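Written below as structure tokens is the structure these notes are about.
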Amino acid sequence: MFELLGIPPQALFGQLLLGLINGAFYAMLSLGLAIIFGLLNIINFAHGAQYMLGALVSWMLLNYFGVPYWWALLLAPVVVGITGVVLERLLISRLYHLDHLYGLLLTFGLALIIQGLARNYYGISGLPYTIPSQLSGGQNLGFMFLPNYRAWVVVASLIVCMTTWFVIEKTRLGAYLRAATENPTLVGAFGINVPRMITLTYGFGVGLAAFAGVLAAPIYSVNPNMGADLIVVVFAVVVIGGMGSILGSIITGFGLGIVEGLTRVFYPEASAVVIFVIMAIVLLVKPAGLFGRTA
Amino acid sequence: MKKTGFLLTALATSLFASTAFADVAVKLGVLNDRSGVYSDLAGEGSVVAAQMAVDDFKAAEKGITVEIISADHQNKPDVASNIARQWYDQDGVDAILDVPTSSAALAVNDITREKNKVFLNSGAGTSDLTGKACSPNTVHWTYDTWQLAHGTASAVVANGGKSWFFVTADYAFGQAMERDATEVIKANGGEVVGAVRHPFPGTDFSSFLLQAQSSGAQVVAFANAGGDTINSVKQASEFGLVQAGQSLAGLLVFANDIHSLGLQTAQGLVLTESFYWDLNDQTREWSARFEEKMNKKPSMVQAGVYASVLHYLKAVEALDGKGAGEVMAKMKETPTDDPLFGKGTIRVDGRHIHPSYLLRVKKPEDSKGEWDLYDIVDTIPAEESFRPLDQGGCSLVK
Numbered sequence: 000m001f002e003l004l005g006i007p008p009q010a011l012f013g014q015l016l017l018g019l020i021n022g023a024f025y026a027m028l029s030l031g032l033a034i035i036f037g038l039l040n041i042i043n044f045a046h047g048a049q050y051m052l053g054a055l056v057s058w059m060l061l062n063y064f065g066v067p068y069w070w071a072l073l074l075a076p077v078v079v080g081i082t083g084v085v086l087e088r089l090l091i092s093r094l095y096h097l098d099h100l101y102g103l104l105l106t107f108g109l110a111l112i113i114q115g116l117a118r119n120y121y122g123i124s125g126l127p128y129t130i131p132s133q134l135s136g137g138q139n140l141g142f143m144f145l146p147n148y149r150a151w152v153v154v155a156s157l158i159v160c161m162t163t164w165f166v167i168e169k170t171r172l173g174a175y176l177r178a179a180t181e182n183p184t185l186v187g188a189f190g191i192n193v194p195r196m197i198t199l200t201y202g203f204g205v206g207l208a209a210f211a212g213v214l215a216a217p218i219y220s221v222n223p224n225m226g227a228d229l230i231v232v233v234f235a236v237v238v239i240g241g242m243g244s245i246l247g248s249i250i251t252g253f254g255l256g257i258v259e260g261l262t263r264v265f266y267p268e269a270s271a272v273v274i275f276v277i278m279a280i281v282l283l284v285k286p287a288g289l290f291g292r293t294a
Numbered sequence: 000m001k002k003t004g005f006l007l008t009a010l011a012t013s014l015f016a017s018t019a020f021a022d023v024a025v026k027l028g029v030l031n032d033r034s035g036v037y038s039d040l041a042g043e044g045s046v047v048a049a050q051m052a053v054d055d056f057k058a059a060e061k062g063i064t065v066e067i068i069s070a071d072h073q074n075k076p077d078v079a080s081n082i083a084r085q086w087y088d089q090d091g092v093d094a095i096l097d098v099p100t101s102s103a104a105l106a107v108n109d110i111t112r113e114k115n116k117v118f119l120n121s122g123a124g125t126s127d128l129t130g131k132a133c134s135p136n137t138v139h140w141t142y143d144t145w146q147l148a149h150g151t152a153s154a155v156v157a158n159g160g161k162s163w164f165f166v167t168a169d170y171a172f173g174q175a176m177e178r179d180a181t182e183v184i185k186a187n188g189g190e191v192v193g194a195v196r197h198p199f200p201g202t203d204f205s206s207f208l209l210q211a212q213s214s215g216a217q218v219v220a221f222a223n224a225g226g227d228t229i230n231s232v233k234q235a236s237e238f239g240l241v242q243a244g245q246s247l248a249g250l251l252v253f254a255n256d257i258h259s260l261g262l263q264t265a266q267g268l269v270l271t272e273s274f275y276w277d278l279n280d281q282t283r284e285w286s287a288r289f290e291e292k293m294n295k296k297p298s299m300v301q302a303g304v305y306a307s308v309l310h311y312l313k314a315v316e317a318l319d320g321k322g323a324g325e326v327m328a329k330m331k332e333t334p335t336d337d338p339l340f341g342k343g344t345i346r347v348d349g350r351h352i353h354p355s356y357l358l359r360v361k362k363p364e365d366s367k368g369e370w371d372l373y374d375i376v377d378t379i380p381a382e383e384s385f386r387p388l389d390q391g392g393c394s395l396v397k
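As given, the protein sequences belong to chains A and B, one line each in that order. Heads up: the first sequence begins at 0 in numbering that gives the first Met the number 0, then just goes up one per residue. Heads up: the second sequence begins at 0 in numbering that gives the first Met the number 0, then just goes up one per residue.
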């Protein structure tokens, strides 16, 4: 049997698949960030906290109201999305005329407050959330044991990412959105309510983060810091893909998940750093990111 | 930095009491993780535990004024060093308590020795604190990697788990844990077939678990802690390691972790702890009082903070002074006796000696309450729980 750099091919396939699964989370989160940045010009640092809220809300729905996973998958993003809309109306909308930095600072502060509150009430150890019975167990693929739930994560994430891409790039609504990004005044002159569209877009981006959070709840510990650990990596993904590029964020999300997965096999100690090394290289060679347009 | 003052009660009592002894004022600093992965097992709960020790000791009535301050070291050795220096140099702190995260604890260990103060460690695991890094100014109270490795690994090997794979957190604690456990496994006729070091803290352990799975080892051991262990065990259950015939061993698992995992996921896991709230009437009584304040049962780390502060205050009372050298000597020559760890001693290398407990996580149907987590499989007597004095390489041992 041949081996690649001392790793049997079975193990390699397994790791590629796992990388894809992690990439699914990166893709969903970076997609939300890209949409928000593209339309609002806000670097949404609260994204990780909103991802955490998605998981937390689904835990609350289950434990306080007996709402099962499948409904939570729908309800939690809506609930968290609504909190996003409120935040946008009350706070973020006041910063549009200022530099990016102010939006970044505001959302970073919000993230710390949300995480702090969650930590205060629920502690740091995390809350148990079990895999829905329909998706427990797994398949033996020969080269690895693939839990059904992980397969579902990849499928769900691909559907959501592709639908979002389709809506933004191929539909009339998406055309309005893209036009409003280019020239909000002109689009407003055609009778389209641009501020409302911006608000809803923020709500949608936040909802995407929450959706990823619900997907994550059964496999990662639901704890206040789950988003904070992830968000820095996701920002690197967005930077590599090109700020504001929809397709770029999806492809880089999955791609970097795979790169990280492979690093875990060949040199696990470096797996936390590899994405940032790539980011540094991309910034040096192509500062606008792999899929970004130079302004 | 948050101040928890006892000054008011302390002052009030000392003003009115016609005290015969001179007042001693001590300042204790609880330095631990207040926001990260270890903030549930240490965090504010350790401050509360220290406060309970001061109250239970009735320090004020005995002429000892105690002020407790606390800070977050964020599990970073550099942050811990800076705070420790500031506390000793500027804030007049006499003793630093708790300090989970071995790398941070080793840093505070050095600074405490340099400044000639007292370090009562409860939260950190590395057995180097009483081994090659031992210091005359440090007491390592609650647990260490040698103790846990021996408790858990020798029991698992004895039950037929001969081949091991380690999933290890890549820092001082994880490495010490892996090293100490490897020693035990080999000494008992087992073998280590592989190990993987993951960045600390981690989130996704599936890659490492897959490597563990393909290694074919009988036992997959987690040499990590807190949130890392929770995620590892949760994902091991998802990837069907146990169904496929491998067994899991948690080398450092706290009651809070099991509570968070849920018995459904964690059942059957074998582990070692120094303290469990449901050991006897005294631990139950104290834990109930702790729960009133914190809304959860104490971890062994928090119990260790309580017991070590109690013993420290006894030494201060006996000496009517707080000089580090005298206090340390007094603490070592006086046998320890507290409601949580029972009777014990502090050895010359700083190791506190007490029994440890081999525990197994209950099945959900056997559990009678939210915190009814363990069956006690075995009690390891105090004299067998810790590394023999002459094997640690501590320079204080002649």
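Where a beta carbon is used, it is the ideal one built from N, C-alpha and C, also for glycine. Predicted model only: the values in this text are computed from it and were never measured.
Determine the direct distance from the alpha carbon of residue j to that of residue i, and round the result to whole angstroms.
i                         : j                        : result
alanine 104 of chain B    : threonine 251 of chain A : 40 Å
glutamate 177 of chain B  : aspartate 371 of chain B : 29 Å
leucine 100 of chain A    : isoleucine 41 of chain A : 9 Å
lysine 161 of chain B     : valine 191 of chain B    : 8 Å
isoleucine 81 of chain A  : serine 298 of chain B    : 38 Å
alanine 54 of chain A     : alanine 75 of chain A    : 8 Å
glycine 62 of chain B     : tyrosine 311 of chain B  : 15 Å
cysteine 160 of chain A   : alanine 220 of chain B   : 37 Å
valine 153 of chain A     : aspartate 98 of chain A  : 36 Å
asparagine 108 of chain B : alanine 224 of chain B   : 21 Å
isoleucine 345 of chain B : valine 396 of chain B    : 13 Å
Compare the C-beta of residue i with all C-beta atoms of chain B and state if any pair is closer than 8 Å.
i                         : result
serine 270 of chain A     : yes
alanine 279 of chain A    : no
serine 57 of chain A      : no
arginine 177 of chain A   : no
asparagine 222 of chain A : yes
arginine 263 of chain A   : yes
arginine 118 of chain A   : yes
isoleucine 274 of chain A : no
Any C-beta of chain A sitting closer than 8 Å to the C-beta of residue i?
i                         : result
leucine 388 of chain B    : no
isoleucine 229 of chain B : yes
lysine 233 of chain B     : yes
threonine 264 of chain B  : yes
serine 205 of chain B     : yes
glutamine 245 of chain B  : no
aspartate 97 of chain B   : no
valine 192 of chain B     : no
glutamine 464 of chain B  : It is not possible to answer for residue 464 of chain B, since the shown part of chain B is limited to 0 through 397.
glycine 226 of chain B    : yes
leucine 209 of chain B    : yes
Among the options, which residue has its Cα nearest to the Cα of residue i?
i                            : options                                : result
proline 194 of chain A       : A:Gly240, A:Leu39, A:Tyr25, A:Gly108   : A:Leu39
isoleucine 67 of chain B     : B:Ala49, B:Ser80, B:Gly124             : B:Ala49
alanine 110 of chain A       : A:Leu176, A:Asn43, A:Val186, A:Asn222  : A:Asn43
glycine 261 of chain B       : B:Tyr373, B:Gly322, B:Ala194           : B:Tyr373
lysine 116 of chain B        : B:Leu270, B:Gly193, B:Lys331, B:Lys321 : B:Lys321
proline 387 of chain B       : B:Phe199, B:Val347, B:Arg283, B:Val315 : B:Val347
asparagine 222 of chain A    : A:Phe265, A:Gly115, A:Tyr68            : A:Gly115
alanine 168 of chain B       : B:Thr151, B:Ala123, B:Ala222           : B:Ala222
tryptophan 164 of chain A    : A:Gln49, A:Thr106, A:Ser57, A:Leu246   : A:Leu246
glycine 291 of chain A       : A:Phe203, A:Val236, A:Leu255           : A:Val236
glycine 206 of chain A       : A:Val233, A:Val284, A:Val56            : A:Val56
phenylalanine 203 of chain A : A:Tyr68, A:Trp58, A:Leu73, A:Tyr63     : A:Leu73
isoleucine 230 of chain A    : A:Leu283, A:Ile167, A:Met27            : A:Met27
Which chain B residues are close to residue i, counting only those with a beta carbon under 9 Å from its beta carbon?
i                      : result
glycine 141 of chain A : Within 9 Å Cβ-Cβ: nothing; glycine 141 of chain A doesn't reach chain B, min ~12 Å.
leucine 89 of chain A  : What leucine 89 of chain A touches in chain B: nothing, since even the nearest Cβ is about 26 Å away.
Residues of chain A with CB under 8 Å from residue i, in chain order?
i                        : result
threonine 202 of chain B : Tyr219, Met225, Asp228, Leu229
glycine 261 of chain B   : Pro127, Thr129
Is any heavy atom in the ligand HEM found nearer than 7 Å to the beta carbon of residue i?
i                         : result
asparagine 115 of chain B : By its list of ligands, the structure shown contains no ligand whatsoever, and the ligand HEM lies outside what it can speak to.
Note down, in chain order, every chain A residue with its Cβ under 9 Å from the Cβ of residue i.
i                       : result
arginine 196 of chain B : Pro267, Glu268
So which residues on chain B does residue i lean against when the C-beta distance must stay under 8 Å?
i                         : result
proline 146 of chain A    : Glu237, Phe238, Gly239
isoleucine 130 of chain A : Glu237
Could you work out which residues of chain A lie near residue i, taking near to mean beta carbons separated by less than 7 Å?
i                         : result
asparagine 255 of chain B : Ser124
- prompt: Is the stretch 108 to 127 of chain A close to the stretch 36 to 50 of chain B, with three or more CB pairs under 8 Å?
  reply: Contact holds: three or more Cβ-Cβ distances are below 8 Å.
- prompt: Are at least three pairs of beta-carbons, each pair with one atom in the stretch 133 to 150 of chain A and one in the stretch 166 to 176 of chain A, less than 8 Å apart?
  reply: Under the 8 Å Cβ criterion, the stretch 133 to 150 of chain A does not count as touching the stretch 166 to 176 of chain A, having fewer than three qualifying pairs.
- request: Say whether the stretch 87 to 96 of chain B touches the stretch 268 to 288 of chain B, bearing in mind that this needs 3 or more beta-carbon pairs closer than 8 Å, one atom from each stretch.
  value: no
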